[in-house]
Every structure is written in C-alpha cells, then in structure tokens.
Amino acid sequence: MKKLLLAGLIGTSLFAVSCSSVKNAENSQNQRVEYLKLKGDWQIVSVDYEKGLKIKPFDEGADAQCFVGSHWRLIPNNYTGAYTLNGGGACPSVTQPIKFEVKDGNTFMFKKIAAGTKAKQNLAGYSLTITNQSTDQFSLVQNVPFDGSTVQVVYNFQRTGMK
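When the letters of the sequence shown are read in order and numbered with mature numbering (1 follows the signal peptide of the UniProt record, and there is no 0), they come out as residues -18 to -1, 1 to 145.
If you want it as structure tokens, here you go:
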C-alpha cells in the first residue's frame, strides 16, 4: 500500500512538472512569434516628445528629429540589424550596425557595434519598450533622463519591406 501511495505521489508530481514545462514552452513560443514580427525593413515615420527640448538619442550627436525617415533593418534569426540616418541639414549621415534582443515580449534592447569589435566587447546599450505592435507598425518608447526627471521619446515605425 505504501508503494502504491508513493507511486501515486511521484506520478502526480511528474504530471504537475510536465504541465508547467508545457506552459513555459507555450509562453516562449508566443514571445518568439511576437519577436519575429519585427523581422524586416522599417522606417521611423515620426518621433514624438516634448518639442521644446533638445533630445539627442543613442549617442549619435544628432537631434531626435534626424531619426525621422531613418531606415532600420532587423534580423531576429541572428539578433543583428542596422539603422541608417539619411543626413541633410544639421543631421549626420550614419549607418550603425546593432545587436538586439527582445526581453519579456516588450523590452527592446540594443547596443551599437563599432567596426572591428564584437558585440560581447560592448557592454553599453539602450532599453526601450515596444508598444502598439502590429504586422506593419510598432512604436519604441525610450525614457530619457532630463533635468532630474524623465522625458518619454516615442519612435513610430512603419514597415517598408521584407515581412
């Protein structure tokens, strides 16, 4: 009788653990599906923030409005990509390789990769929140410290190719 009771407890425990593993696998798969929606070519169609401020995101030395019209290529298979600022006026012409990942389904993290270096050599990066995601658009929200408070900068992306 004790062996039967022990076998029942072990069976119940294994069943509970296997159900938990299935649930975790489903959550991971759902996050991966959302993550893969970012694959392709994107353009920033607008950057929203308190206009009276001078915001220079991602250490490019350029005003946030220079990112309007910029092209972003995201390749989730190998977590790489690049963005290109078009230049013109006070805006520089820049093509910047990046390494990125998505954490918890809605945190977009990336770091710039300098020529001749590996991603693991660069410890600094940026963390933004993904919002309003659909097949052909999404927004990234960046919280930028400014004069003791935080300013939200919203980058609105539109798909331009490669779904």
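Backbone N, C-alpha and C fix where the C-beta goes; we use that ideal spot for every residue, glycine too.
According to DSSP, is residue i part of a helix, a strand, or is it coil?
i	result
GLN134	strand
ALA64	strand
ASP41	helix
GLN47	helix
THR98	Sequence inspection shows Gly at residue 98; the Thr mentioned does not correspond to that position. Here GLY98 sits in coil by DSSP.
ASN125	strand
TRP28	It should be pointed out that residue 28 corresponds to Ser in this sequence rather than to Trp. SER28: strand per DSSP, three-state reduction.
MET144	coil
LEU110	strand
GLN78	strand
THR117	coil
LYS36	coil
GLY87	coil
So which of the options has the shortest CA-CA distance to residue i?
i	options	result
PHE90	PRO127, GLN140, LEU122	LEU122
MET144	VAL126, GLU83, LEU56	LEU56
GLY87	PRO74, ALA97, GLY130, GLN115	GLN115
VAL50	GLY70, VAL29, ASN59	VAL29
GLY22	TYR31, GLY63, PRO39, ASN68	GLY63
VAL76	PRO58, VAL133, PHE40	PHE40
ALA46	PRO74, PRO58, VAL84, ASN59	PRO74
On the premise that residue j lies in contact with residue i, defined as a C-beta separation below 8 Å, what is that separation, rounded to the nearest angstrom?
i	j	result
TYR61	GLN78	At roughly 15 Å, the Cβ-Cβ gap does not stay under 8 Å, so TYR61 and GLN78 are not in contact.
ILE95	ILE80	6 Å
ILE26	PHE139	6 Å
GLN119	ARG141	7 Å
LYS19	THR117	6 Å
VAL135	VAL126	6 Å
GLY69	PHE92	Not quite, the Cβ-Cβ distance comes to about 21 Å (not below 8 Å), so this is no contact.
GLU32	VAL133	6 Å
What do you get for residue i, buried or exposed, if any count of 16 or more other CB atoms within 10 angstroms of its CB means buried?
i	result
GLN11	Model confidence at GLN11 stands at a pLDDT of 47, short of 50, so the residue's coordinates are unreliable and nothing is read from them.
SER109	exposed
ALA44	buried
LEU35	exposed
SER52	buried
LEU67	buried
residue 146	Because residue 146 is not part of the residues shown, which for the chain are -18 to 145, the question remains open.
ALA72	exposed
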